[in-house]
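Here is the structure we will look at, set down as C-alpha cells.
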Amino acid sequence: VAAAGAAITNTATVNGDAPDGNPAYAPGPEPSDSESVGVVTKSASYTANKTVASIGDEAGEDIVYRVTLVNTGNVTIDTLSVTDPGPTFNSNAATNLGSLTAPTIISESDTTDGILQVGETIIYEFQYTLSQTDVDNAAGITNGVDNTATVTAEDPDDVSVPPTGTLTVEDTIPDNSALTLDKSAYDDVFPGGSLIGLTQQSVGNVIYYRFTVTNTGNTTITNATITDGPPAFSGSGGLGTIALVGGTTSTTPGPAVTEADLAPIETAIFEVAYTVTQTDVDNQ
21 VAAAGAAITN TATVNGDAPD GNPAYAPGPE PSDSESVGVV TKSASYTANK
71 TVASIGDEAG EDIVYRVTLV NTGNVTIDTL SVTDPGPTFN SNAATNLGSL
121 TAPTIISESD TTDGILQVGE TIIYEFQYTL SQTDVDNAAG ITNGVDNTAT
171 VTAEDPDDVS VPPTGTLTVE DTIPDNSALT LDKSAYDDVF PGGSLIGLTQ
221 QSVGNVIYYR FTVTNTGNTT ITNATITDGP PAFSGSGGLG TIALVGGTTS
271 TTPGPAVTEA DLAPIETAIF EVAYTVTQTD VDNQ
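Mind the numbering: the sequence shown is residues 21 to 304 in our numbering, read in order.
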C-alpha cells in the first residue's frame, strides 16, 4: 500500500506450530515487522508544441499543423484533448472553416492507447484548406497566418494539468502575383475574325488588336488595364478605346469597360480597333 504518495510500506508476520501441534501464537498477535521504501513525489508535467508541417500558397492547398506532446513528468497523463479554432489571415477570420479537420493522433512512441505514458511522445495532426479570400488577405505579409491550439489533459487523480510549450504558430503565404499578356491582330471584332499575321493591309482596313491577360499567380488581381500607343505604336492614326470584350473574368465586358478583376487562372480579353491610314502606307 502506498502511503500518501510518499512511500511503499510492507508488513510481514510470522507464526508456526508449537510441540503440542497448536499455533505458537494463538490467538496472537504474531511477531511482525515493517519496511517502508520511499517513492518520489508525484509530479505531472508535459510539453505541448505546435508546428506548421507544410503550408500551401494557392487556394485549394492545405496548411498542415502538428501538435507534439511529450510527458516530462513521472506519472501518466490521460484524457488528452487537442482543439483548434482555425487560423486567421492578417487578422481576418478563416473563410473555409468547413475544411478544418479534427486533430488526430498520427504517432505514439510507446503505446497506441491515446494515453501519454512517462517519457512518451504523441503527435496530433490536422489541416485547413486555403480559400482564395484567405490567400488574398495574407499573401506576402510576413507571419500573416496566425493560429493557436488548446491542449487539455489530466493526471491519475483526474486533476487538470496545463502544458508548457508553444501552441501559437505564425507562417507566411508567399505573394506570387503574376500576369501574362498575349497580343494578336485580327481582321474582325471579337470573338470572330482571323489572325492577320503577315497579311499586308490597305488604306481603310480595320485591324482589331486583341490583348489576352491571364492571371498566372496566386492572388486576385484587380483593375488590370492595358496601356498601348505611342511610342510603342507606330501607326499614324489614333487608336480607339481599349475595352474589355470577353474572358473568364468576373468583370462584365462592355464598350466602356477598361479594367478587369482576375482571380488566379482567369483571363480578360481586351480589344481596340485601328484603321490603316494613307500616311501608314506612305511611310513604308
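Think of the CB as a built atom: it goes at the ideal place given N, C-alpha and C, for glycine as much as any other residue.
Determine the burial state of A244: buried for a count of at least 16 other Cβ atoms within 10 Å of its Cβ, exposed for fewer.
With 16 or more other Cβ atoms within 10 Å, it is buried.
Close Cβ partners of V301 (< 7 Å) along its chain, the five nearest in sequence each way excluded:
Residues V223 of the same chain have their beta carbon placed closer than 7 Å to that of V301, with the five preceding and five following residues left out of the count.
N- and C-terminal bounds of the alpha helix (DSSP H) containing A158
First-last of the alpha helix (DSSP H) with A158: Q152 to A158.
Near T184, which residues of its chain fall below 6 Å by C-beta distance, leaving aside the five closest residues on each side in sequence?
Excluding positions up to five away in sequence, the list reads T67.
With H, G and I counted as helix, E and B as strand and the rest as coil, what does DSSP make of V301?
Of the three classes helix, strand and coil, the one that applies to V301 here is helix, per DSSP.
Determine, using beta-carbon pairs with one atom in the region 150-168 and one in the region 121-140, whether at least three such pairs fall under 8 Å.
Segments in contact, no.
Roughly how many whole angstroms lie between the Cα atoms of T92 and S65?
Rounded to whole angstroms, the separation of the alpha carbons of S65 and T92 is 5 Å.
Considering only their Cβ atoms, is the gap separating V87 from A307 smaller than 8 Å?
Absent from the structure is residue 307, since the part of the chain shown begins at 21 and ends at 304.
Taking one C-beta from the region 141-161 and one from the region 29-44 each time, how about it: are there three or more such pairs within less than 8 Å?
The region 141-161 and the region 29-44 do not touch, with fewer than 3 CB-CB distances between them shorter than 8 Å.
Which word fits E190, buried or exposed, when buried means at least 16 other C-beta atoms lie within 10 angstroms of its C-beta?
By the neighbour-count rule (16 or more Cβ atoms within 10 Å), E190 is not buried but exposed.
Along the chain, where does the beta strand (DSSP E) containing F253 start, and where does it finish?
No beta strand (DSSP E) contains F253, which DSSP labels as neither H nor E.
For A114 and G106, I'd like the C-alpha separation in whole angstroms.
Approximately 7 Å between the Cα atoms of the pair.
Coil, strand or helix - T56 by DSSP:
The identity of residue 56 in the sequence shown is Ser, whereas the question assumes Thr. Three-state DSSP puts S56 in a strand.
For G36 and S56, I'd like the C-alpha separation in whole angstroms.
Straight-line Cα distance between these residues: approximately 25 Å.
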